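Chemist: First, the structure itself, so that you have it in front of you.
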Amino acid sequence: MEVNTKQVWQKLKYPYWFLTGWGLFWVLTFILMMTGHHKAWGVPQPSEKALTFKSLPPFEGLAQMETSPEVTQQLYQMFPEKTAKNYIGQINQAISRLTQQWQPGGDPASFLRLGDFQDSLALQQLSLGSIEGLSGQSLSDVPLSQFSLLGNQKLGQLIKIVPGLKDQSVSSVPFVQDAIQSGGYNPSKISNLPIGEVLQAYPQLGKIGLNQMNLDQYSLSAIPGIEQVPLGKFAGWQNASIASVPGLVSVPINQLGKNTGGIIGQIHWVLSEVEKPALNSISGSYQSGFSVPCTNNCAHIELGTNPLAAGKQWISGQYQKVPGGEGVLKAMFGGKEPTGRHPFGKGFKVVVWKIDESTGTVKTAWFFRICIKNLGCSPYGIGPVPGFVYQEGDWIFLGA
Numbered sequence: 001m002e003v004n005t006k007q008v009w010q011k012l013k014y015p016y017w018f019l020t021g022w023g024l025f026w027v028l029t030f031i032l033m034m035t036g037h038h039k040a041w042g043v044p045q046p047s048e049k050a051l052t053f054k055s056l057p058p059f060e061g062l063a064q065m066e067t068s069p070e071v072t073q074q075l076y077q078m079f080p081e082k083t084a085k086n087y088i089g090q091i092n093q094a095i096s097r098l099t100q101q102w103q104p105g106g107d108p109a110s111f112l113r114l115g116d117f118q119d120s121l122a123l124q125q126l127s128l129g130s131i132e133g134l135s136g137q138s139l140s141d142v143p144l145s146q147f148s149l150l151g152n153q154k155l156g157q158l159i160k161i162v163p164g165l166k167d168q169s170v171s172s173v174p175f176v177q178d179a180i181q182s183g184g185y186n187p188s189k190i191s192n193l194p195i196g197e198v199l200q201a202y203p204q205l206g207k208i209g210l211n212q213m214n215l216d217q218y219s220l221s222a223i224p225g226i227e228q229v230p231l232g233k234f235a236g237w238q239n240a241s242i243a244s245v246p247g248l249v250s251v252p253i254n255q256l257g258k259n260t261g262g263i264i265g266q267i268h269w270v271l272s273e274v275e276k277p278a279l280n281s282i283s284g285s286y287q288s289g290f291s292v293p294c295t296n297n298c299a300h301i302e303l304g305t306n307p308l309a310a311g312k313q314w315i316s317g318q319y320q321k322v323p324g325g326e327g328v329l330k331a332m333f334g335g336k337e338p339t340g341r342h343p344f345g346k347g348f349k350v351v352v353w354k355i356d357e358s359t360g361t362v363k364t365a366w367f368f369r370i371c372i373k374n375l376g377c378s379p380y381g382i383g384p385v386p387g388f389v390y391q392e393g394d395w396i397f398l399g400a
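Pasting the structure below:
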């Protein structure tokens, strides 16, 4: 039987062009999202632009907790009594340090550290100059005392990391001249010499701690070039709080982490716990993976727009718990933690928490863990610490 190709084409041409066009649309969209990542971050995001560390809600306080009976029992079975008691003390101290810092009304930016975000937002790559540009704030007149990292430095370290400072004369930088004097030295005989040459001739001057100076008397502009130094060049940067870096709390979150490989998704739907099932999950834990489905009480947010996240469901950890932890400490919190993601790294877990379908609002929460050498890590069960609040239509950072 001879096939009439013209008749076949007449019947199939419309489905063909429709499917071809639809396929090309998604292919091109995917390519644009992959190659134009910076543009993806630049999509108008009204609510996300307002999200800063300053906009985090204050702490509500956490209930006091201590080592679980399961962990205590394991420790006494594994170690001599004295060693077991020592480990129990370490665990309780670690928990206490966390809960005591989270006093009701406390500022999250004063607790969160730069090191918590080194793999996600890469805060260590920022300089005071770039922070000034991103925040829209002028920082030149900010007192040096408000930049606590500076007090952790020795004079020699400062000269090493600030570009061009070693080539300037001592007298041309009064801050350096005063630092030398604060160490008990008379700078008058060396005032016209380059700073680098002076420190090479008198290496003991490099050991002068800047914390022994009255930093309130100086502004950031007193150290020419300091605005160019990445935060990661300063000694002890990992443990510096977000609030201790001038202007950082005012930098929009969507301006950070552009080069870390993370993706974003737009919140299309906020759905309550009556929803079930939710099988296209992107939430879970390190132990269970991040595609743990939900079969009952499946409150979640559903994402769209970005093809890499379209249709994915981030399930609420208020209703779903997943396995977590490792080693002996895995037994804490019953070996479970709220389902969620780690867009900002292992420091804490971001959990979709309270969902209000009627207003299209989702409140996130952050959960922490403790890790003890030789004992492993607990599940992420210390929380909830209030996180960012989102509405339907907002963009949310998903991480890698």
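Here the sequence shown stands for residues 1 to 400, where the numbers follow UniProt numbering.
Just so it is clear, CB atoms sit at the ideal spot from N, CA and C, and this is done for glycine as well.
Please read these numbers as outputs of a predicted model, since none were measured by experiment.
To which residues does DSSP link Pro194 through a beta bridge?
Modeler: In the sequence shown, residue 194 corresponds to position 194, counting from 1. The partner list for Pro194 (beta bridge, DSSP) reads Ser169.
Chemist: Assess, as a yes-or-no matter, whether the region 156–172 is touched by the region 127–144 under the definition of 3 or more beta carbon pairs within less than 8 angstroms.
Modeler: With the cut-off at 8 angstroms, the region 127–144 and the region 156–172 do not touch.
Chemist: Use the C-beta contact count for Tyr87: other C-beta atoms within 10 angstroms, 16 or more gives buried, fewer gives exposed.
Modeler: Residue mapping note: residue 87 aligns to position 87 of the sequence shown, counting from 1. Flag for Tyr87 reads buried.
Chemist: Quick check: Lys321 and Glu337, are their CB atoms within less than 9 angstroms of each other?
Modeler: The residue you call residue 321 lines up with position 321 of the sequence shown. The residue you call residue 337 lines up with position 337 of the sequence shown. It is a contact, given that the beta carbons lie within the stated cut-off.
Chemist: Is Val270 near Glu326, with beta carbons less than 9 angstroms apart?
Modeler: Taking the sequence shown and counting its residues from 1, the one referred to as residue 270 is at position 270. Taking the sequence shown and counting its residues from 1, the one referred to as residue 326 is at position 326. Cβ distance not < 9 angstroms, so Val270 and Glu326 don't count as in contact.
Chemist: Just curious, the beta strand (DSSP E) that Val350 is in, first and last residue?
Modeler: As a first step, residue 350 must be located in the sequence shown, where it is residue number 350. Its beta strand (DSSP E) spans residues Lys349 to Asp356.
Chemist: Applying the 10 Å Cβ sphere with the 16-neighbour rule, what's the burial state of Ser216?
Modeler: One-based indexing of the sequence shown puts residue 216 at position 216. Looking at the sequence shown, residue 216 is not Ser but Asp. Classification for Asp216: exposed.
Chemist: Just verifying my parser: in three-state terms, what is the DSSP assignment at Arg113?
Modeler: Here residue 113 corresponds to residue number 113 of the sequence shown, with the count starting at 1. Strand.
Chemist: For the region 147–160 against the region 209–226, do three or more pairs of beta-carbon atoms, one drawn from each stretch, fall closer than 8 angstroms, so that the two count as touching?
Modeler: At 8 angstroms Cβ cutoff, the stretches touch.
Chemist: Give the straight-line distance between the Cα atoms of Arg113 and Leu210, rounded to the nearest whole angstrom.
Modeler: Counted from its first residue, the sequence shown places residue 113 at position 113. Counted from its first residue, the sequence shown places residue 210 at position 210. Their backbone Cα atoms lie some 22 angstroms apart in a straight line.
Chemist: Count the other CB atoms within 10 Å of the CB of Tyr202; is the residue buried (16 or more) or exposed (fewer)?
Modeler: Numbered from 1 along the sequence shown, position 202 holds the residue referred to as residue 202. With fewer than 16 Cβ atoms within 10 Å of its Cβ, Tyr202 is classed as exposed.
Chemist: According to DSSP, is Ile263 helix, strand or coil?
Modeler: Within the sequence shown, residue 263 is the residue found at index 263, counting from 1. Looking at Ile263 - three-state DSSP - the assignment turns out to be strand.
Chemist: Out of Leu231, Ala84 and Thr72, which has the shortest C-alpha to C-alpha gap to Phe117?
Modeler: Along the sequence shown, read from residue 1 onward, the residue named residue 117 stands at position 117. Closest by alpha carbon: Leu231.
Chemist: Return yes when the Cβ of Phe348 is within less than 9 angstroms of the Cβ of Gly262, no when it is not.
Modeler: Reading the sequence shown from its first residue, position 262 is the one you call residue 262. Reading the sequence shown from its first residue, position 348 is the one you call residue 348. Not a contact, by the Cβ cut-off of 9 angstroms.
Chemist: Determine the direct distance from the alpha carbon of Phe79 to that of Gly393, and round the result to whole angstroms.
Modeler: In the sequence shown, counting from the first residue as 1, residue 393 sits at position 393. In the sequence shown, counting from the first residue as 1, residue 79 sits at position 79. Near 54 angstroms, if we compare the C-alpha coordinates of Phe79 and Gly393.
Chemist: Tell me which same chain residues have a C-beta within less than 8 angstroms of the C-beta of Ile195, skipping the five on either side of it?
Modeler: Residue numbering aside, residue 195 sits at position 195 when the sequence shown is read from its first letter. Ile159, Leu165, Lys166, Asp167, Gln168, Ser169, Val170, Val173 and Val176.
Chemist: Smallest Cα separation from Ile282: which of Val274, Glu275 and Cys294?
Modeler: As a working note, residue 282 is residue 282 in the sequence shown. The option with the nearest alpha carbon to Ile282 is Cys294.
Chemist: Check whether the Cβ atoms of Val352 and His342 lie closer than 9 angstroms to each other.
Modeler: For this step, residue 352 is matched to residue 352 along the sequence shown. For this step, residue 342 is matched to residue 342 along the sequence shown. For Val352 and His342, no; Cβs fall outside 9 angstroms.
Chemist: Put Leu220 into one of helix, strand or coil per three-state DSSP.
Modeler: As a working note, residue 220 is residue 220 in the sequence shown. Note: Leu220 maps to helix in three-state DSSP.
Chemist: Residues bridged to Cys294 by DSSP?
Modeler: Locating residue 294 in the sequence shown gives position 294, counting from the first residue. BP columns for Cys294 point to Ala278.
Chemist: Take Asn239 and list the residues in its own chain whose beta-carbon comes closer than 7 angstroms to its own, dropping the five residues that flank it on each side.
Modeler: As a position in the sequence shown, residue 239 is number 239, starting the count at 1. Here the set comprises Arg113 and Gly115.
Chemist: Just curious, the beta strand (DSSP E) that Pro69 is in, first and last residue?
Modeler: In the sequence shown, residue 69 corresponds to position 69, counting from 1. Where Pro69 is concerned, there is no enclosing beta strand (DSSP E), although the alpha helix (DSSP H) it sits in stretches over Pro69 to Met78.
Chemist: According to DSSP, is Phe388 helix, strand or coil?
Modeler: Here residue 388 refers to the residue found at position 388 of the sequence shown. Looking at Phe388 - three-state DSSP - the assignment turns out to be strand.
Chemist: Does Pro379 come out as helix, strand or coil in the three-state DSSP assignment?
Modeler: Start at 1 with the first residue of the sequence shown, and residue 379 comes out as number 379. Pro379: coil per DSSP, three-state reduction.
Chemist: Are Cys298 and Gln287 closer than 9 angstroms when you measure CB to CB?
Modeler: As a first step, residue 298 must be located in the sequence shown, where it is residue number 298. As a first step, residue 287 must be located in the sequence shown, where it is residue number 287. Not in contact: Cys298 and Gln287 (Cβ atoms no closer than 9 angstroms).
Chemist: For Gln125, which of helix, strand or coil comes out of DSSP?
Modeler: As a position in the sequence shown, residue 125 is number 125, starting the count at 1. Three-state DSSP puts Gln125 in a helix.
Chemist: Leaving out five residues before and five after Phe234 in sequence, what residues of the same chain have Cβ atoms less than 6 angstroms from its Cβ?
Modeler: Within the sequence shown, numbered from 1, the residue matching residue 234 stands at position 234. Hits under 6 angstroms: Leu149.
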